[in-house]
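In the working numbering, the protein residues as written are 4 to 394.
Where a beta carbon is used, it is the ideal one built from N, C-alpha and C, also for glycine.
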């Protein structure tokens with residue numbers, strides 16, 4: 004099989020003098036993902052990232068792992084020739100076609116890239132000469148420069164790399180290059196997708212889940228742990244903070260108007276998540292909210308929720324339709340877990356007729372009814388939370 008992969012990126016190439024930093028983040032993420040599979044060697048060379056594979060590596064597992072690395076636009080399995088001598092380059096091209104193509108009667112076009120611009124042949128000449136060598140070696144091959152069936156690229160650097168297929172990567176920016184955020188993770192469809200989307204922009208995440216036993220079961224808790232584990236394939240390790248929210252919810256239920264329950268509960272979730280975020284080094288909150296999807300996600304409701312936060316609140320799905328969110332959840336394989344029938348604390352305490360256009364001053368007035376005990380309850384919830392490292 005192929006002994007190396009050429010990693011291609013897009014946005015990183017636009018970072019100018021900072022490109023080296025982003026390349027380093029990408030190499031670190033690739034190394035972390037592949038470390039569990041074997042002793043891979045990852046290195047940078049003149050705007051390229053190469054993954055050299057161990058002798059006993061599993062091709063399919065490696066391809067699957069690379070498909071989860073944000074920052075990779077595409078990755079090509081490459082045939083490596085440990086030389087740039089012309090006779091070795093042409094022999095390598097023949098060996099490549101002979102070894103990796105079952106039939107030798109296709110149309111093709113040669114592309115060339117030179118890392119060493121002082122190489123004795125220029126790129127157009129290399130393309131023509133390699134093409135001629137292949138035509139002589141395989142008489143049924145034909146050149147088609149407009150619509151070739153196979154595009155064969157020859158890259159001459161300190162070695163020669165030959166490849167044809169380029170597999171699509173997830174794109175985005177490498178996780179960790181753009182800071183850290185705290186995801187409010189529930190057992191629904193939306194929040195895991197939001198975590199995936201924000202990580203695609205290079206943000207590493209931890210997560211906070213609000214558990215409400217006995218109103219939510221251990222199955223609901225395990226469901227969230229499973230969702231965190233699925234998205235951690237893309238995001239890297241996640242510290243999942245599990246907060247017991249039962250006493251706070253019941254206190255709000257006893258003291259506040261029931262049509263305001265969802266908004267007030269949501270505001271206390273944001274307060275608690277922000278406190279955990281500050282303690283863990285995160286600089287923003289992330290939610291799976293989309294405008295108008297439910298009563299707590301109207302513009303007025305989001306305004307009331309935002310009012311309790313000092314740090315930014317990012318909502319990657321804010322303009323998405325539900326069908327668009329579901330499509331992504333199916334792609335990242337969270338959908339089947341998200342639809343398991345275990346209720347989370349939000350759905351358990353939904354009022355029959357929740358307010359859809361809450362007024363901030365009225366919500367704040369209702370919260371004053373909680374002043375006797377709420378601060379102590381919040382401290383207890385924070386101090387008794389469970390933290391699980393998900394990876």
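Outcome for residue i when other beta-carbon atoms lying within 10 angstroms are tallied against a minimum of 16
i	result
residue 330	exposed
residue 24	exposed
residue 390	exposed
residue 302	exposed
residue 269	buried
residue 282	exposed
residue 384	buried
residue 334	exposed
residue 280	buried
residue 300	buried
residue 81	buried
residue 3	Because the chain in this structure spans residues 4 to 394, residue 3 falls outside the shown range and cannot be described.
residue 371	exposed
residue 292	buried
residue 226	buried
residue 246	buried
residue 111	buried
residue 177	buried
residue 26	buried
residue 123	exposed
Terminal residues of the alpha helix (DSSP H) in which residue i lies
i	result
residue 231	221-238
residue 79	Element bounds for residue 79: not the alpha helix (DSSP H) but the beta strand (DSSP E), 77-84.
residue 271	264-283
residue 130	126-140
residue 28	22-37
residue 340	338-341
residue 68	62-69
residue 332	325-334
Identity of the residues DSSP links to residue i by a beta bridge
i	result
residue 209	185
residue 214	247
residue 288	185, 316
residue 164	83, 158
residue 90	In DSSP, residue 90 forms no bridge with anything.
residue 171	77
residue 381	Answer is none; residue 381 lacks a bridge partner.
residue 7	55, 81
residue 196	Beta-bridge pairing links residue 196 to no other residue.
residue 388	BP columns for residue 388 are empty, so no partner.
residue 176	204
residue 112	154
residue 393	241
Option in the options with minimal Cα separation from residue i
i	options	result
residue 31	171, 205, 201, 125	205
residue 127	109, 156, 139	156
residue 76	111, 175, 130	175
residue 85	219, 240, 6	6
residue 196	168, 304, 341, 271	341
residue 79	170, 162, 271	170
residue 209	230, 222, 242	242
residue 49	203, 62, 9, 316	9
residue 74	88, 149, 179, 112	179
residue 262	62, 138, 362	362
residue 387	11, 83, 393, 244	244
residue 238	70, 248, 44, 88	70
residue 133	18, 97, 224	97
residue 265	172, 220, 366	366
residue 235	222, 353, 198	198
residue 135	93, 344, 172	93
residue 201	354, 90, 219, 173	173
Residue range of the unbroken beta strand (DSSP E) whose run includes residue i
i	result
residue 242	241-247
residue 155	153-159
residue 310	Run containing residue 310: none; DSSP gives neither H nor E here.
residue 12	Note, residue 12: premise wrong, no beta strand (DSSP E); not H, not E.
residue 373	Counting along the chain, residue 373 falls outside any beta strand (DSSP E), and DSSP gives it neither H nor E.
residue 46	44-48
residue 148	First-last for residue 148: undefined, no H or E at that position.
residue 55	51-55
residue 17	Here residue 17 belongs to no beta strand (DSSP E), and DSSP marks it neither H nor E.
Interface flag, residue i vs chain C, CB-CB below 9 Å
i	result
residue 33	Absent from the structure: chain C. Only one protein chain is present.
Inset, instruction - Give a yes or no on contact between the stretch 143-151 and the stretch 61-69, applying the rule of three or more CB pairs nearer than 8 Å. - result: The stretch 143-151 makes no contact with the stretch 61-69: fewer than 3 CB pairs, one atom from each, lie closer than 8 Å.
Inset, instruction - State whether the stretch 275-283 contacts the stretch 205-213, with contact taken as three or more CB pairs (one from each stretch) at a distance under 8 Å. - result: Taking 8 Å as the limit for Cβ pairs, the verdict is that the stretch 205-213 does touch the stretch 275-283.
Inset, instruction - Could you tell me whether the stretch 156-166 touches the stretch 105-122, where touching means 3 or more Cβ pairs closer than 8 Å? - result: Inter-segment contact for the stretch 156-166 and the stretch 105-122 is present: three or more beta-carbon pairs are separated by less than 8 Å.
Inset, instruction - Answer yes if the stretch 319-328 comes into contact with the stretch 364-377, meaning at least three C-beta pairs across the two stretches below 8 Å, and no otherwise. - result: Judged by Cβ distances under 8 Å, the stretch 364-377 makes no contact with the stretch 319-328, as fewer than three pairs qualify.
Legend entry - Three or more C-beta pairs below 8 Å linking the stretch 45-64 and the stretch 248-267: Per the Cβ contact rule, the stretch 45-64 is not in contact with the stretch 248-267 (fewer than 3 Cβ pairs under 8 Å).
Inset, instruction - Could you tell me whether the stretch 281-295 touches the stretch 182-190, using the rule of 3 or more Cβ pairs below 8 Å? - result: Taking a cut-off of 8 Å for Cβ pairs, the stretch 281-295 and the stretch 182-190 touch, as three or more such pairs fall below it.
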